[in-house]
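Peer 1: Let me begin by handing over the structure; questions about it come next.
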């Protein structure tokens, strides 16, 4: 059955059979949409793929019902549902991908104590460019240490240099994603100001990586 | 650590501005933003704070890309 936004809301806010039918229909739609939306992050041939899609669809339905009164009508109802579903799905996929990686192996562990340039892999280029890139890296690492709090430094190192998703770091640190985004934002502002004040604005340092 | 990651950090610093919105705010606006993009509207200028956040937040950007894929799949249902 085709429904517009108002019909979805009416059916899902009702009781009994009318709501049950709408939930079944919405689940069926999600089970057709989700595999296409998430196949970039998990191969559909993976044996966990279909059970995971079912889990995501179920969790999405529960969250949609719980938050139905927060739907503002800024998009179609189904678009709003998909936005919830992909967030749930990608969060699960990120946690799954990083579950074997211990917090200690993020940049905040022993690896961080080694001089940064010993772990730096420059692009192949002329020696002058390589030296300039290593110098830029040293300026950044020094700037992070001097301008940021230890916590900001750890979060920025993990997210930017190690590629840890905010979702994963938030779960490991017992924080929420908004809080970590704010930590990252404050760290970026401080590092940008520090580099600029010390005579090495980011645009100048970036130029060393554009050769 | 690769030069690409350091380079990406510099790009992020260049785009950093005092006023940025949260992942939660972006999540609430993402459906509207995606539908506007789908209609060919100039989302960069119509919703600049969401656009900026998506440039700076990999998690939200991936969710936006997945949402666009979902909307694309919906047209083929």
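Chains as they are written, first to last, in the numbering used here: chain A, 38 to 248; chain B, 535 to 611. Using N, Cα and C, we set each Cβ at its ideal position, and we do this for glycine too.
1. What does residue 552(B) reach in chain A if we use C-beta pairs closer than 8 Å?
2. Alpha carbon to alpha carbon, what distance is there between residue 246(A) and residue 104(A)?
3. I believe residue 581(B) touches residue 567(B) by the beta-carbon criterion, under 8 Å. Please report the beta-carbon distance rounded to the nearest angstrom.
4. Can you tell me which of the three DSSP states residue 115(A) falls into?
5. Express the C-alpha separation of residue 139(A) and residue 559(B) in angstroms, rounding to a whole number.
6. Step through the CB atoms of chain A and report whether any lies within less than 9 Å of the CB of residue 593(B).
7. For a minimum of 4 consecutive residues, which ranges assigned as the alpha helix (DSSP H) are wholly contained in the stretch 52 to 109 of chain A?
8. Along the stretch 558 to 575 of chain B, where does the CB come closer than 8 Å to a CB of chain A? Name the residues.
9. Mind checking if residue 146(A) is an interface residue toward chain B, Cβ cutoff 9 Å exclusive?
10. Taking the continuous alpha helix (DSSP H) assigned at residue 594(B), which residues delimit it?
11. Under 9 Å, do residue 177(A) and residue 217(A) count as touching if we go by C-beta distance?
12. For a cutoff of 9 Å on Cβ pairs, would you count residue 580(B) as touching chain A?
13. Please decide whether residue 117(A) counts as near chain B, where near means a Cβ-Cβ distance under 9 Å.
14. Against residue 589(B), what residues of chain A qualify as contacts under a CB-to-CB distance less than 7 Å, listed in chain order?
15. Mark residue 83(A) as exposed unless 16 or more other C-beta atoms lie within 10 angstroms of its C-beta, in which case mark it buried.
16. Just the C-alpha distance for residue 175(A) and residue 69(A), rounded to the nearest angstrom, thanks.
17. Using a C-beta to C-beta distance shorter than 9 Å, which residues of chain A count as neighbours of residue 586(B)?
18. Comparing C-alpha positions only, which one of 50(A), 121(A), 131(A), 57(A) sits nearest to residue 202(A)?
19. Buried or exposed: which applies to residue 239(A), given that a residue is buried once 16 or more other Cβ atoms fall within 10 Å of its Cβ?
20. For residue 73(A), which of 578(B), 576(B), 604(B) has the nearest alpha-carbon?
21. With 9 Å as the threshold, decide whether the Cβ of residue 583(B) is near any Cβ in chain A.
22. Given 8 Å as the limit, is there contact between the stretch 114 to 126 of chain A and the stretch 86 to 95 of chain A, that is, 3 or more CB pairs closer than that?
23. Measuring alpha carbon to alpha carbon, tell me which residue in 236(A), 221(A), 229(A) is nearest residue 587(B).
24. Alpha helix (DSSP H) containing residue 561(B): first to last residue?
25. Would you say residue 123(A) reaches chain B, if we count a Cβ-Cβ gap shorter than 9 Å as a contact?
26. Report the rounded CA-to-CA distance for residue 188(A) versus residue 87(A), giving the unit in angstroms.
27. Let me see if you follow: with CB-CB separation under 9 Å, is residue 83(A) close to chain B or not?
28. Distance check for residue 199(A) and residue 144(A), CA to CA, integer angstroms please.
29. Check whether the Cβ of residue 215(A) lies closer than 9 Å to any Cβ atom in chain B.
30. Where does residue 144(A) fall in DSSP's three states?
Peer 2: So, to answer that:
1. On the second chain, position 18 is the one that residue 552(B) refers to. Simply 226.
2. The residue labelled residue 104(A) in the question sits at position 67 within the first chain. The residue labelled residue 246(A) in the question sits at position 209 within the first chain. Computed Cα separation, rounded: 46 Å.
3. Residue mapping note: residue 581(B) aligns to position 47 of the second chain, counting from 1. Residue mapping note: residue 567(B) aligns to position 33 of the second chain, counting from 1. That belief holds up - the Cβ atoms of residue 581(B) and residue 567(B) are roughly 5 Å apart, short of 8 Å.
4. Residue mapping note: residue 115(A) aligns to position 78 of the first chain, counting from 1. Reduced to three states, the DSSP call for residue 115(A) is helix.
5. In the second chain, residue 559(B) corresponds to position 25, counting from 1. In the first chain, residue 139(A) corresponds to position 102, counting from 1. About 30 Å.
6. Counting from one through the second chain, the residue named residue 593(B) turns up at place 59. It does; some Cβ of chain A falls within 9 Å.
7. 53 to 75, 86 to 103
8. 558, 561, 562, 563, 564, 565, 566, 568, 569
9. Mapped onto the first chain, residue 146(A) falls at position 109. Residue placement at residue 146(A) is poorly supported in this model, since its pLDDT is 44, which falls under 50; the coordinates are not used for a value here.
10. The count along the second chain starts at 1 and reaches residue 594(B) at position 60. Per DSSP, residue 594(B) belongs to the alpha helix (DSSP H) from 592 to 609.
11. The residue given as residue 177(A) occupies position 140 in the first chain. The residue given as residue 217(A) occupies position 180 in the first chain. Not a contact, by the Cβ cut-off of 9 Å.
12. Locating residue 580(B) in the second chain gives position 46, counting from the first residue. Not closer than 9 Å to any Cβ of chain A, the Cβ of residue 580(B) fails to qualify, so no.
13. Taking the first chain and counting its residues from 1, one reaches residue 117(A) at position 80. Yes, its Cβ sits closer than 9 Å to a Cβ of chain B.
14. As a position in the second chain, residue 589(B) is number 55, starting the count at 1. Residues of chain A passing the Cβ test: none, with the nearest at roughly 12 Å.
15. As a position in the first chain, residue 83(A) is number 46, starting the count at 1. Exposed.
16. Here residue 175(A) refers to the residue found at position 138 when the first chain is read from its first residue. Here residue 69(A) refers to the residue found at position 32 when the first chain is read from its first residue. Those two C-alpha atoms are separated by around 49 Å.
17. Residue 586(B) sits at position 52 when you count from the first residue of the second chain. Within chain A, no residue comes near residue 586(B); the closest Cβ sits about 11 Å away, beyond 9 Å.
18. Your numbering for residue 202(A) matches position 165 in the first chain. Closest by alpha carbon: 131(A).
19. Taking the first residue of the first chain as position 1, residue 239(A) is located at position 202. Classification of residue 239(A): buried, given that the 10 Å Cβ count is 16 or more.
20. Numbered from 1 along the first chain, position 36 holds the residue referred to as residue 73(A). Among 578(B), 576(B), 604(B), the Cα nearest to that of residue 73(A) belongs to 604(B).
21. Against the second chain, residue 583(B) aligns to sequence position 49. No, its Cβ sits nowhere closer than 9 Å to a Cβ of chain A.
22. yes
23. As a working mapping, residue 587(B) is identified with position 53 in the second chain. Residue 221(A) is the option with its Cα nearest to residue 587(B).
24. As a first step, residue 561(B) must be located in the second chain, where it is residue number 27. Segment 557 to 572, the alpha helix (DSSP H) holding residue 561(B).
25. Here residue 123(A) is taken as the residue at index 86 of the first chain, counted from 1. Judged by the 9 Å Cβ criterion, residue 123(A) is in contact with chain B.
26. For the purposes of this step, residue 188(A) is taken as the residue at position 151 of the first chain. For the purposes of this step, residue 87(A) is taken as the residue at position 50 of the first chain. Those two C-alpha atoms are separated by around 39 Å.
27. For the purposes of this step, residue 83(A) is taken as residue 46 along the first chain, with counting starting at 1. Output row for residue 83(A): interface = no.
28. As a position in the first chain, residue 144(A) is number 107, starting the count at 1. As a position in the first chain, residue 199(A) is number 162, starting the count at 1. Because residue 144(A) sits at a pLDDT of 47, beneath the cut-off of 50, its placement in the model cannot be relied upon, and the following sentence gives the value as read from the coordinates. Looking at the two C-alpha atoms, the distance is approximately 6 Å.
29. Counting from 1 along the first chain, the entry for residue 215(A) is found at position 178. It does; some Cβ of chain B falls within 9 Å.
30. Residue numbering aside, residue 144(A) sits at position 107 when the first chain is read from its first letter. Caution applies to residue 144(A), whose pLDDT of 47 falls short of 50 and renders its modelled position unreliable; the model cannot decide the point.
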